[in-house]
Amino acid sequence: MVFAIEEINNRTDILPGINLGYKIYDTCGSVEMTTRASLPLVNVHGETNSVICSKPETVQAIIGQTSSTPTIAISATVGPLHIPVVSHFASCACLSDRKKHPSFFRTVPSDYFQSRALAKLVKYFGWTWVGALCSDNDYGNNGINEFISAAKKEGICVEYSKAFLKTDPREKLLKIVEIIKASTSKVIVAFVSYTDFGFLLREMALQNMTGFQWIGSSSWISDLYTANAEWQHVLKESVGFGIPKAKITGLGEFLTKLNPISDIALYRELWETVFQCKLSTEENVEMKQLCKSNESLTQVQNLYTDVSELRFADNVYKAVYAVAYALHSSYGCSQRDNGQGADLCTNLADNQQPWKIVNELKKIHFTTAAGEDVYFDENGDPAARYDVLNWQQGKDGKTVFVKVGFYDASLQTHRQLSFNNNSIAWAHNKPQVPVSVCSHSCPPGTRKAVQKGRSICCFDCIPCAEGEISNITDSITCIKCPPDLWSNDKKTICVLKLVEFLSFAEIMGIILVSFSLLGVSFTICIAAIFFKHKDTPIVRANNSELSFLLLFSLTLCFLCSLTFIGEPSDWSCMLRHTAFGITFVLCISCLLGKAVVVLMAFRATLPGSDVMKWFGSQQQRLSVLALTLVQVIICALWLKISPPFPYNNMNYYSEKIILECNVSSAIGFGAVMGYIGLIALLCFIFAFLARKLPDNFNEAKFITFSMLIFCAVWITFIPAYVSSPGKFTIAVEIFAILASSFGLLFCIFVPKCYIIILKSEKNTKKQMMGKAPEK
582 MVFAIEEINN
592 RTDILPGINL
602 GYKIYDTCGS
612 VEMTTRASLP
622 LVNVHGETNS
632 VICSKPETVQ
642 AIIGQTSSTP
652 TIAISATVGP
662 LHIPVVSHFA
672 SCACLSDRKK
682 HPSFFRTVPS
692 DYFQSRALAK
702 LVKYFGWTWV
712 GALCSDNDYG
722 NNGINEFISA
732 AKKEGICVEY
742 SKAFLKTDPR
752 EKLLKIVEII
762 KASTSKVIVA
772 FVSYTDFGFL
782 LREMALQNMT
792 GFQWIGSSSW
802 ISDLYTANAE
812 WQHVLKESVG
822 FGIPKAKITG
832 LGEFLTKLNP
842 ISDIALYREL
852 WETVFQCKLS
862 TEENVEMKQL
872 CKSNESLTQV
882 QNLYTDVSEL
892 RFADNVYKAV
902 YAVAYALHSS
912 YGCSQRDNGQ
922 GADLCTNLAD
932 NQQPWKIVNE
942 LKKIHFTTAA
952 GEDVYFDENG
962 DPAARYDVLN
972 WQQGKDGKTV
982 FVKVGFYDAS
992 LQTHRQLSFN
1002 NNSIAWAHNK
1012 PQVPVSVCSH
1022 SCPPGTRKAV
1032 QKGRSICCFD
1042 CIPCAEGEIS
1052 NITDSITCIK
1062 CPPDLWSNDK
1072 KTICVLKLVE
1082 FLSFAEIMGI
1092 ILVSFSLLGV
1102 SFTICIAAIF
1112 FKHKDTPIVR
1122 ANNSELSFLL
1132 LFSLTLCFLC
1142 SLTFIGEPSD
1152 WSCMLRHTAF
1162 GITFVLCISC
1172 LLGKAVVVLM
1182 AFRATLPGSD
1192 VMKWFGSQQQ
1202 RLSVLALTLV
1212 QVIICALWLK
1222 ISPPFPYNNM
1232 NYYSEKIILE
1242 CNVSSAIGFG
1252 AVMGYIGLIA
1262 LLCFIFAFLA
1272 RKLPDNFNEA
1282 KFITFSMLIF
1292 CAVWITFIPA
1302 YVSSPGKFTI
1312 AVEIFAILAS
1322 SFGLLFCIFV
1332 PKCYIIILKS
1342 EKNTKKQMMG
1352 KAPEK
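Next comes the structure, spelled out in structure tokens:
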């Protein structure tokens, strides 16, 4: 500050003809001392112990204070008098409140921005589970609360948040140390004043607590003393935001050429500490060697003479210049000298009002010698810019601050934070970013389920249910697949559902087709045998035309089973049950005709009976035609009113689509099946009545047995059909068709073929007409 004031006083383009003066007070970091120090600045007597306040002095501005809480005290004290307060280090966001602090300005960014920047930094490296420490004052509490709020929006959870001060009893610090040791988070965000931090670090160093990744605020991350103290191994490879480093030309030479004789009160302690000597023996203190006159700070290398890390010092430099430029405008000074040293400021007054300086500070905008723009926004804050610093070990073993990125709040959101990740040194010297999560990320195919009673960052990974997917990491919910899609095995994408139908190419389809063709072959063979022996008695008995029509209908029954195999189409769906219904009615109608003829033939043997004239060949043909025509009409009406159609059944299986035929009309389907049942029942009744008629070869016995098989097959078909899933439903239906067809074929024709081929001596009219012995 002194360097900046002297530099301004030596310039002719700023406040020409005016010299700035200053008063320096040591507040010792105490709020009480700060308040006491601010009183002389508004009191004409200049004494801090005065109890009588008179007219204020013409103090134009106050530079300071370092900490936020004392600065709040200063601002509250001098604010009503509109004296501007410009701080270089008080970063509490609370000071941006213009209603409470109307005359406050600062050259350090508000922690409002730093807190959010810290949350972005934590998010950038994928840390979702962190600890938080802060100083128990306005700076720490406001900063960490702002960080926690911003972190919550970024999806970051804070495992613990503890506040402390250097004046706290050791028991409290030890308790905090135990909390850190017991925690599972490996990243700690420390919004702590460097003066408080050392007390906690000392306790952690005693217990050798290393390996944590520290994320620091600007208060301590660029503090050389903290970085090289005895606890530096605890903070190795820390990362945090620091005020951008600057170069102040001439400051190094100014510092080393200071002479304590010019201002003993200000530099005496420094001089005596550096050179281990006494400037005077007047005080009753332990005697030391008197200082010589040839000591020089140019021979010293310490924190005082080190100007390589000018961060907050640059903020002081800018604060002084901001006040100077505000005074320059307030006094109406021109920007050039007339060359004769004349006073170019036109509005000089003995009692310049401080509120005018406040107004001018709101409007200033200048550029420093280093090329940095300086201005204040509507809250008195500067542009928020930070260097991202990483503590790394230098060649001499000391900690050096390496810039690994930057943060600029004035840029677009996605560009505000930038890193050079390759240059960052991590805790434990790990080559990769350390992991600090309560629960590891849930991979695609799972969703997060928060553990009961814990933070949202502590969760279990639950696999998505069947038919649901998650295709991103850490998905909160699973997405249900569309109706025609299904989740893959990993539950990461929706894929087309498997399509199921009874195919000709699969084993079951091949087997059923084989049996169907085998039935056709048997039927054709039997028809050939009957045709070859069509003139024999056993073939001619009971209307051979019906036998050949029955064989034809059985052939159609075997072939209609093929319509049930393959992918359903409009035509196949309409053909399936109609063809099945008509051919089976034709088949059973033939058997019914045979059974009726057998029964009526016995009745015709009774004296005076001429019933057979109503059951001749012509009548049998007409009856079969009429019975079949009824089924044809039923099928035609069904197809006309509400025909069957292909249907993608997604209800039975969730993971696949069953291609099947929807009967559309339950009434139509029931009418077809019911009519078949009715004809079969009539056939069974007539055959049953004629089963014991006295013929050597009573065909009614075989019809009765065939109808028993037919009815048994279709009665057992119903529960099997209902309970069979998917393509097995079709397979059961085909099986019923084939089983009943084979039953009719074998029961009706195999006994006759046996006699034709193997027992030809029985194939005579005499044998066919033989009577049973009388009782």
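According to our numbering, the residues represented by the sequence shown are 582 to 1356, in order.
Ideal Cβ positions, reconstructed from N, Cα and C, are used throughout, including at glycine.
Provide the residue span of the beta strand (DSSP E) that contains residue i, from first to last.
i: residue 1029; result: 1027-1031
i: residue 1239; result: 1237-1243
i: residue 687; result: 685-687
i: residue 974; result: 966-974
i: residue 668; result: 666-668
i: residue 986; result: 980-989
i: residue 999; result: 998-1000
i: residue 955; result: 954-956
Short of 8 Å in beta carbon distance, which residues of its chain neighbour residue i, apart from the five on each side in sequence? Order them along the chain.
i: residue 679; result: 959, 960 and 961
Less than 8 Å between the C-beta atoms of residue i and residue j, yes or no?
i: residue 719; j: residue 653; result: yes
i: residue 1214; j: residue 1065; result: no
i: residue 1132; j: residue 1104; result: yes
i: residue 745; j: residue 769; result: no
i: residue 1146; j: residue 1094; result: yes
i: residue 1376; j: residue 731; result: Outside the displayed range of the chain (582 to 1356) lies residue 1376, so it cannot be described from this structure.
i: residue 938; j: residue 956; result: no
i: residue 1029; j: residue 1019; result: no
i: residue 970; j: residue 802; result: yes
i: residue 1074; j: residue 1092; result: no
i: residue 656; j: residue 610; result: no
i: residue 677; j: residue 660; result: no
i: residue 1087; j: residue 1236; result: no
i: residue 888; j: residue 805; result: no
i: residue 727; j: residue 693; result: yes
i: residue 739; j: residue 713; result: yes
Once the 5 residues before and after residue i are set aside, which same chain residues still bring their CB inside 7 Å of it?
i: residue 1165; result: 1138 and 1257
i: residue 1220; result: 1155 and 1159
i: residue 950; result: 830
i: residue 913; result: 926, 927 and 928
i: residue 1322; result: 1100, 1135, 1138 and 1139
i: residue 1168; result: 1131, 1134, 1135, 1138 and 1325
i: residue 633; result: Note that residue 633 scores 44 on pLDDT, short of 50, meaning its location in the model is unreliable; the coordinates nonetheless yield the value given after this. Nothing listed; no residue qualifies.
i: residue 835; result: 584
i: residue 706; result: 1014
i: residue 1292; result: 1261 and 1265
Among the residues of its own chain, which have a CB less than 6 Å from the CB of residue i, if the five just before and after it don't count?
i: residue 772; result: 715, 721, 724, 725 and 798
i: residue 923; result: In this prediction, residue 923 has a pLDDT of 49, which is less than 50 and means its spatial position is unreliable; nothing more can be read from the coordinates.
i: residue 896; result: 669, 688 and 689
i: residue 1004; result: 985
i: residue 909; result: 595 and 596
i: residue 1267; result: 1176, 1177 and 1180
i: residue 1252; result: 1215
Mind checking who residue i pairs with in its DSSP beta bridge?
i: residue 661; result: According to DSSP, which records beta bridges pairwise, residue 661 is partnered with nothing at all.
i: residue 1322; result: DSSP, once it has assigned bridges, lists no residue as partnering residue 1322.
i: residue 744; result: 715
i: residue 871; result: 859
i: residue 891; result: 827
i: residue 643; result: 666
i: residue 948; result: 954
i: residue 926; result: 914
List the endpoints of the continuous alpha helix (DSSP H) containing residue i.
i: residue 1018; result: Neither: residue 1018 is in no alpha helix (DSSP H) and is coded neither H nor E.
i: residue 937; result: 935-944
i: residue 1262; result: 1247-1270
i: residue 619; result: 612-619
i: residue 883; result: Unbroken run through residue 883: none, as it is neither H nor E.
i: residue 836; result: 832-837
i: residue 583; result: 583-590
Tell me the start and end of each unbroken beta strand (DSSP E) in the stretch 1026-1072 that is at least 3 residues and wholly inside, in chain order.
Listed in chain order, they are 1027-1031, 1040-1044 and 1066-1068.
Those runs of the alpha helix (DSSP H) which lie wholly inside the stretch 789-819 and span at least 4 residues:
The DSSP assignment places complete alpha helix (DSSP H) segments of no fewer than 4 residues inside the stretch 789-819 at 799-802 and 805-808, in order along the chain.
Runs of 3 residues minimum, wholly inside the stretch 1077-1149: which ones carry the beta strand (DSSP E) assignment?
You should have 1079-1081.
Quick check on the DSSP output: what are the complete beta strand (DSSP E) runs of length 3 or more inside the stretch 726-782, in order along the chain?
Qualifying beta strand (DSSP E) stretches, in chain order: 738-745 and 768-772.
Starting from the N-terminal side, write out each stretch of the beta strand (DSSP E) that is 3 residues or longer and does not extend beyond the stretch 672-707.
With a minimum length of 3 residues, the unbroken runs of beta strand (DSSP E) contained wholly in the stretch 672-707 fall at 685-687.
Start-end ranges of the beta strand (DSSP E) lying completely within the stretch 1197-1241, minimum 3 residues
Counting only runs that start and end inside the stretch 1197-1241, the beta strand (DSSP E) elements of at least 3 residues fall at 1226-1230.
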